[in-house]
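Report on the structure given below.
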Amino acid sequence: MSKLDWLNGLPLGEAKAEFMRCCGSTRWAEGMARARPFKSEASVYAEAGWLWSQTGPDDWKEAITHHPRIGDVSKLRERFKATGAWSEQEQKGVEGAGEQVLHALAEANRKYEERFGFIFLICATGKSAQEILEQLKERMNNPPALELRIAAGEQALITRLRLEKLLSSP
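84 is the number that my numbering gives to position 76 of the sequence shown; each next residue is one higher, with no gaps.
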């Protein structure tokens, strides 16, 4: 049985839970679960993108709450059991960072959260801690509404990667 057949065959609640692992927006996950059966992986990705484009600020903020802070590896497995391994893999570039960069990242994260009311969200796959820190500092200057839109765009990238993992993992 293919992963797509498996996903299509899940009961509604289980399918929603699997989609919540990819994106923490309840509305989006429910829409994905109800959109089944999918004919192909491409149709999964297309529906995911279309449904995300139908969401708004409340959905985006809800999805953001399902992510650990960048570099907060100690919290990954504890609080984010369903997505901890994926988050840890996505934040791999932070692992080898020096203490100075890690402290700067933690401080910048704190300031970002104070300014915008949500954690800094970035598709961290393939990025070093220094690259993430630079982008975080750059995005601090954005108006709040623009920054939330940028975070929603980053969530869309993360969702796509996680859907790919969902459909390819054993």
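Glycine included, each C-beta is placed from N, C-alpha and C at the ideal position.
### Task
Go ahead and pull the three-state DSSP assignment for ARG170.
Assignment of ARG170 by DSSP, reduced to helix, strand and coil, places it in the helix class.
### Query
How would you call ASN149, buried or exposed, if buried means at least 16 neighbouring beta carbons within 10 angstroms?
Exposed: under 16 other Cβ atoms inside 10 Å.
### Message
Tell me which residue opens and which closes the alpha helix (DSSP H) that ILE72 is part of.
### Response
In the DSSP annotation of this structure, the continuous segment of the alpha helix (DSSP H) that includes ILE72 starts and ends at 65-72.
### Message
Between which residues of its own chain and ALA160 is the CB-CB distance below 6 Å, once the five residues before and five after are set aside?
### Response
Residues of the same chain with a CB within less than 6 Å of the CB of ALA160, apart from the 5 flanking positions on each side, are TRP68 in chain order.
### Task
Assign ARG170 to buried or exposed, taking buried as 16 or more other Cβ atoms, counted over all protein chains shown, within 10 Å of its Cβ.
The residue is buried, with at least 16 neighbouring Cβ atoms inside 10 Å.
### Task
Could you give the DSSP three-state label for LEU129: helix, strand or coil?
In this structure, LEU129 counts as coil in the three-state DSSP scheme.
### Task
Could you spell out the range, first to last residue, of the alpha helix (DSSP H) harbouring GLN62?
Looking at the DSSP string, GLN62 is not in any alpha helix (DSSP H), and its letter there is neither H nor E.
### Query
Pick from LEU18, ALA114, ASP13 and TRP58: whose alpha carbon is nearest that of ARG35?
Of the listed residues, the one whose Cα sits closest to ARG35 is TRP58.
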